[in-house]
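See structure below.
Number of protein chains: 2
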Amino acid sequence: MGLIVQKYGGSSLADAESIKRVAKRIVETRKAGNEVVVVVSAMGDTTDELLDLAEQVAPIATGRELDMLLTAGERISMALLAMAIKSLGQEARSYTGSQAGLSTDARHGSARIVEVAPIRVRAALDAGAIAIVAGFQGFNRGTGDITTLGRGGSDTTAVALAAALDADVCEIYTDVDGIFTADPRVVPAARKIDRITSEEMLELAAAGAKVLYIRAVEYARRHGVTLHVRSSFNNNEGTLVVNPKEGEIVEESIISGVAVDLSEAKITVVGVPDVPGKAAQIFTLVASTDANIDMIVQNVSTAATGLADISFTLPKSDGARVLKALEDSKDQTGFHSLQYDDQIGKLALVGAGMRTNAGVSARLFTALFEAGINIEMISTSEIRISVVTRADTINEAVRVVHSAFGLDAEDLAKVHGGTGR
Amino acid sequence: MGLIVQKYGGSSLADAESIKRVAKRIVETRKAGNEVVVVVSAMGDTTDELLDLAEQVAPIATGRELDMLLTAGERISMALLAMAIKSLGQEARSYTGSQAGLSTDARHGSARIVEVAPIRVRAALDAGAIAIVAGFQGFNRGTGDITTLGRGGSDTTAVALAAALDADVCEIYTDVDGIFTADPRVVPAARKIDRITSEEMLELAAAGAKVLYIRAVEYARRHGVTLHVRSSFNNNEGTLVVNPKEGEIVEESIISGVAVDLSEAKITVVGVPDVPGKAAQIFTLVASTDANIDMIVQNVSTAATGLADISFTLPKSDGARVLKALEDSKDQTGFHSLQYDDQIGKLALVGAGMRTNAGVSARLFTALFEAGINIEMISTSEIRISVVTRADTINEAVRVVHSAFGLDAEDLAKVHGGTGR
Numbered sequence: 386m387g388l389i390v391q392k393y394g395g396s397s398l399a400d401a402e403s404i405k406r407v408a409k410r411i412v413e414t415r416k417a418g419n420e421v422v423v424v425v426s427a428m429g430d431t432t433d434e435l436l437d438l439a440e441q442v443a444p445i446a447t448g449r450e451l452d453m454l455l456t457a458g459e460r461i462s463m464a465l466l467a468m469a470i471k472s473l474g475q476e477a478r479s480y481t482g483s484q485a486g487l488s489t490d491a492r493h494g495s496a497r498i499v500e501v502a503p504i505r506v507r508a509a510l511d512a513g514a515i516a517i518v519a520g521f522q523g524f525n526r527g528t529g530d531i532t533t534l535g536r537g538g539s540d541t542t543a544v545a546l547a548a549a550l551d552a553d554v555c556e557i558y559t560d561v562d563g564i565f566t567a568d569p570r571v572v573p574a575a576r577k578i579d580r581i582t583s584e585e586m587l588e589l590a591a592a593g594a595k596v597l598y599i600r601a602v603e604y605a606r607r608h609g610v611t612l613h614v615r616s617s618f619n620n621n622e623g624t625l626v627v628n629p630k631e632g633e634i635v636e637e638s639i640i641s642g643v644a645v646d647l648s649e650a651k652i653t654v655v656g657v658p659d660v661p662g663k664a665a666q667i668f669t670l671v672a673s674t675d676a677n678i679d680m681i682v683q684n685v686s687t688a689a690t691g692l693a694d695i696s697f698t699l700p701k702s703d704g705a706r707v708l709k710a711l712e713d714s715k716d717q718t719g720f721h722s723l724q725y726d727d728q729i730g731k732l733a734l735v736g737a738g739m740r741t742n743a744g745v746s747a748r749l750f751t752a753l754f755e756a757g758i759n760i761e762m763i764s765t766s767e768i769r770i771s772v773v774t775r776a777d778t779i780n781e782a783v784r785v786v787h788s789a790f791g792l793d794a795e796d797l798a799k800v801h802g803g804t805g806r
Numbered sequence: 386m387g388l389i390v391q392k393y394g395g396s397s398l399a400d401a402e403s404i405k406r407v408a409k410r411i412v413e414t415r416k417a418g419n420e421v422v423v424v425v426s427a428m429g430d431t432t433d434e435l436l437d438l439a440e441q442v443a444p445i446a447t448g449r450e451l452d453m454l455l456t457a458g459e460r461i462s463m464a465l466l467a468m469a470i471k472s473l474g475q476e477a478r479s480y481t482g483s484q485a486g487l488s489t490d491a492r493h494g495s496a497r498i499v500e501v502a503p504i505r506v507r508a509a510l511d512a513g514a515i516a517i518v519a520g521f522q523g524f525n526r527g528t529g530d531i532t533t534l535g536r537g538g539s540d541t542t543a544v545a546l547a548a549a550l551d552a553d554v555c556e557i558y559t560d561v562d563g564i565f566t567a568d569p570r571v572v573p574a575a576r577k578i579d580r581i582t583s584e585e586m587l588e589l590a591a592a593g594a595k596v597l598y599i600r601a602v603e604y605a606r607r608h609g610v611t612l613h614v615r616s617s618f619n620n621n622e623g624t625l626v627v628n629p630k631e632g633e634i635v636e637e638s639i640i641s642g643v644a645v646d647l648s649e650a651k652i653t654v655v656g657v658p659d660v661p662g663k664a665a666q667i668f669t670l671v672a673s674t675d676a677n678i679d680m681i682v683q684n685v686s687t688a689a690t691g692l693a694d695i696s697f698t699l700p701k702s703d704g705a706r707v708l709k710a711l712e713d714s715k716d717q718t719g720f721h722s723l724q725y726d727d728q729i730g731k732l733a734l735v736g737a738g739m740r741t742n743a744g745v746s747a748r749l750f751t752a753l754f755e756a757g758i759n760i761e762m763i764s765t766s767e768i769r770i771s772v773v774t775r776a777d778t779i780n781e782a783v784r785v786v787h788s789a790f791g792l793d794a795e796d797l798a799k800v801h802g803g804t805g806r
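Sequence order for the protein chains is W and S.
Under our numbering, the very last position in the first sequence is 806; numbers go up by exactly one each time.
Under our numbering, the very last position in the second sequence is 806; numbers go up by exactly one each time.
Pasting the structure below:
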């Protein structure tokens, strides 16, 4: 008994059959005595199809109209889901982002939520109905225009509603069983994580774990929302993402999981004069391109040359833009040359217990060394160690690290044995 | 120079190419110095596809959710059209029904417009932009819910905006060249009508001419909006639907056109006791089923039996419902039996000049008689004569009538010779 927010992604709403299946699950949750708010994404590939149409009519689509176009996707899925629920005899009412009170700033395509006032959603619940809300969208009070929240926006909508309605849990439904210690397609021995802190989840998401978006996890962490990541294709318990209170004693595993990211490239600025302010000059320039840089390494200059090399990683999609900006500044910056490498892989080891356990880095480096895998860059936070290797060694790397930290499941059949119960 | 409202139907917006073609035409109208407001329907078959999905998830979809679902269609086309126009270098802004200030009552699926306050549309025009408005939809101020206007709703939206903005003309774009004296697929000699009064147009639309919906014509008539029905595939002048002012002298043709309707069926209630109030009892019952009955004929009872037969026509889609209601009332109503006939065709001859020209009915009946076509029912208004014949004789009927009233084009090649100029 409680208030549950459930979010269903496009893969759970791919066609009429899927929508009917999801409707059944929602009605079961309601019949168990819970108040239920459902947040939906667009059906299956709808968003991609709409983007494709937009590209055909206008090579460069502008924010306001593109947002208007894309939000049609969630309207379709929410209306269909409400109909499916009603045909099961349960009352349901669907709301657009603006009807659900999600007001945002005016940044089309990547709007930030400024206020959540789900008055009509609350009223629907009070009337005994299930409330269906279109994910990914809001509206700007100043312009009266429809906005979208950007990537992972539906997760953010769900978490924001869960926070505003003081929900007991925000269930994120997907097509996998939860968060795993590593990608099961790469590491067959990967285990589903039953419970993880939002702090660790943030590091895993930032390091490339795809199931949850950083922004939604951050929002959940800030507002104390418990997430439950689970599959819409079975009734298994998934992964709980919790927010332990200050001073609360949590049994922390040393390592929660290993994440891999193959979407980044490395730029090396070769032969940078080793004078104060040079790095600042370079990264101010890079920042002005809006590129999202991640790891940074600067080697020491040798006395002989007085020159240093600076390397950093960034999303491959930002590569060309940043290279051009650097090239254009070559005269002012005074470096020697640029190297671009898109054959890198990033591996991150995440665990809150790392804080109080010495020797984690040593064990990581040893495992990789013994497997003959070369480490090119290293970066650490309090609960994460990331290393960059060659892209073609990354799968082997994640397997040996997973094993070295005792994450492998003992009984594979038990883990991967079935999807239902 | 002026303010032009243009409405494009689904067939003019079938795909990305069509949208780009329409965008070009709109930009040309703007560049000629006009303020332009565009009303769009959903692309091609979008509405049918959405209805199909709805049927798959819920056999009986309810109004509110169905309206939310269907209105996604116009959002998609309006956003794409705005993008296409912008990519031609002209400023465009798209508005949903509610953003365009179309408030309606709360009757989902067939809402009536209660107020049109296109404040944002007017502001967009003042800023030099082209305003794109989603047709077919509005919102109810009381509930805050999205509504739809029912069949032909986009035409109604266009006319309502034209009235509220005091537009010079409301152009209805379609895939034919205008209103014809008869359906050119049936009567090859049919001519495009250059100019017709809204009164005549109303009768033609009511009699089955499909190009314009009655409701939009009524709205245009009431608010003095001039309609221009034309093709989006060429630049030919179409048909002007005008509202001559009281006392204004208009040269009225005796006959404007011949319309045909094959969508109706005939129900005959056989052996009704000829006592006062029986017809009222039967039609009160029929009205309670919300069926839209059209022609009614009652024969005289013979003194011998004291029984009469009552026949009426109604849309085939209402047939089963009305038959059942009548059957259920058989004991109270006391009729003998019911006959259902869905093989009828209705032909209507419309013309404002009919008022002052005697002999029109005589000429009509003679033409049909000479062609060996039997007339089963007759009904007349001030400017229309309708007859019911067998469905399989209706095409022959419309050809002989078209010819008998001198409507045939003299030079077929001139009429059907080309689509461009």
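C-beta: ideal position from N, C-alpha, C; glycine also.
Query	Result
Which listed residue (S:Ser746, S:Ile564, S:Asn780 and S:Val785) has its alpha carbon closest to that of Ile770 (chain S)	S:Ser746
Three-state class that DSSP yields for Met762 (chain S) in the structure shown	strand
Beta-carbon neighbours of Gln387 (chain S), restricted to chain W and to distances below 9 Å	The sequence given here has Gly at residue 387 (chain S), not Gln. Result: empty, since nearest Cβ-Cβ is about 26 Å, beyond 9 Å.
Inter-residue Cα distance where the pair is Glu622 (chain S) and Arg615 (chain S)	7 Å
DSSP three-state assignment for Glu402 (chain S), whether helix, strand or coil	helix
Contiguous alpha helix (DSSP H) assignments of at least 4 residues, all confined to the segment 416-501 of chain S	431-442 and 448-471
Element boundaries [alpha helix (DSSP H), containing Gly704 (chain W)]	Lys701 to Asp713
CB of Ile639 (chain W) within 8 Å of CB of Asn742 (chain W), strictly	yes
Stretch pair the segment 748-757 of chain W + the segment 669-682 of chain W: three plus CB contacts closer than 8 Å	no
Lys709 (chain W) classed as buried or exposed, judged by whether at least 16 other C-beta atoms fall within 10 angstroms	exposed
Proximity winner among W:Ala737, W:Asp490, W:Ala401 and W:Ser788, relative to Ile581 (chain W) (alpha-carbon distances)	W:Ala737
Three-pair Cβ contact test at 8 Å for the segment 767-782 of chain S versus the segment 545-555 of chain S	no
Neighbour-count burial assignment, Gln391 (chain S), 16 or more Cβ in a 10 Å radius	buried
Chain W contacts made by the segment 465-485 of chain S, where a contact means CB separation under 7 Å	Leu465, Ala467, Met468, Ala469, Lys471, Ser472, Ser479 and Gln484
Backbone CA spacing between Phe720 (chain W) and Ala574 (chain W) [nearest angstrom]	46 Å
Neighbourhood of Glu584 (chain S) by C-beta distance below 8 Å, restricted to the same chain and skipping five residues each side	Arg606, Ala737 and Ile768
Residue environment, Lys862 (chain S), which counts as buried when at least 16 other CB atoms sit within 10 Å	No answer is possible for residue 862 (chain S): the residues shown for chain S start at 386 and end at 806.
Neighbour-count burial assignment, Gly744 (chain S), 16 or more Cβ in a 10 Å radius	exposed
Opposing strand residues paired with Asp726 (chain W) [DSSP bridges]	W:Lys651
CB of Val518 (chain W) within 8 Å of CB of Met463 (chain W), strictly	yes
Check whether Thr456 (chain W) and His787 (chain W) have beta carbons under 8 Å apart	no
Lys715 (chain S) versus Arg775 (chain S): straight-line alpha-carbon distance, rounded	28 Å
Residues that Thr447 (chain W) contacts on chain S, provided the C-beta gap is smaller than 8 Å	Met468 and Lys471
Cβ-Cβ distance between Cys555 (chain W) and Val610 (chain W) below 8 Å	yes
Same chain, Cβ closer than 6 Å to Ser722 (chain S), neighbours up to 5 away in sequence not counted	Val655
For Ile389 (chain W), the nearest candidate out of W:Gly494, W:Arg784 and W:Arg415 (CA to CA)	W:Arg415
C-alpha distance - Val645 (chain S) paired with Gln724 (chain S), whole-angstrom precision	23 Å
Coil, strand or helix - Gly529 (chain W) by DSSP	coil
Beta carbon proximity, Ser397 (chain W) to chain S, threshold 8 Å	no
Cβ-based burial, Leu792 (chain W) [other Cβ within 10 Å; buried from 16]	buried
Range of the contiguous alpha helix (DSSP H) that encloses Glu588 (chain S)	Ser583 to Ala591
Proximity to Ser539 (chain S) [Cα-Cα], best of S:Val596, S:Ala591 and S:Asp530	S:Val596
Closer than 8 Å to chain W by CB, Ser788 (chain S)	no
Straight-line Cα distance separating Val561 (chain S) from Arg505 (chain W)	45 Å
Simplified DSSP state of Gly537 (chain W), which is helix, strand or coil	coil
Among S:Ala514, S:Glu588 and S:Ile531, the one whose alpha carbon lies nearest that of Gly418 (chain S)	S:Ala514
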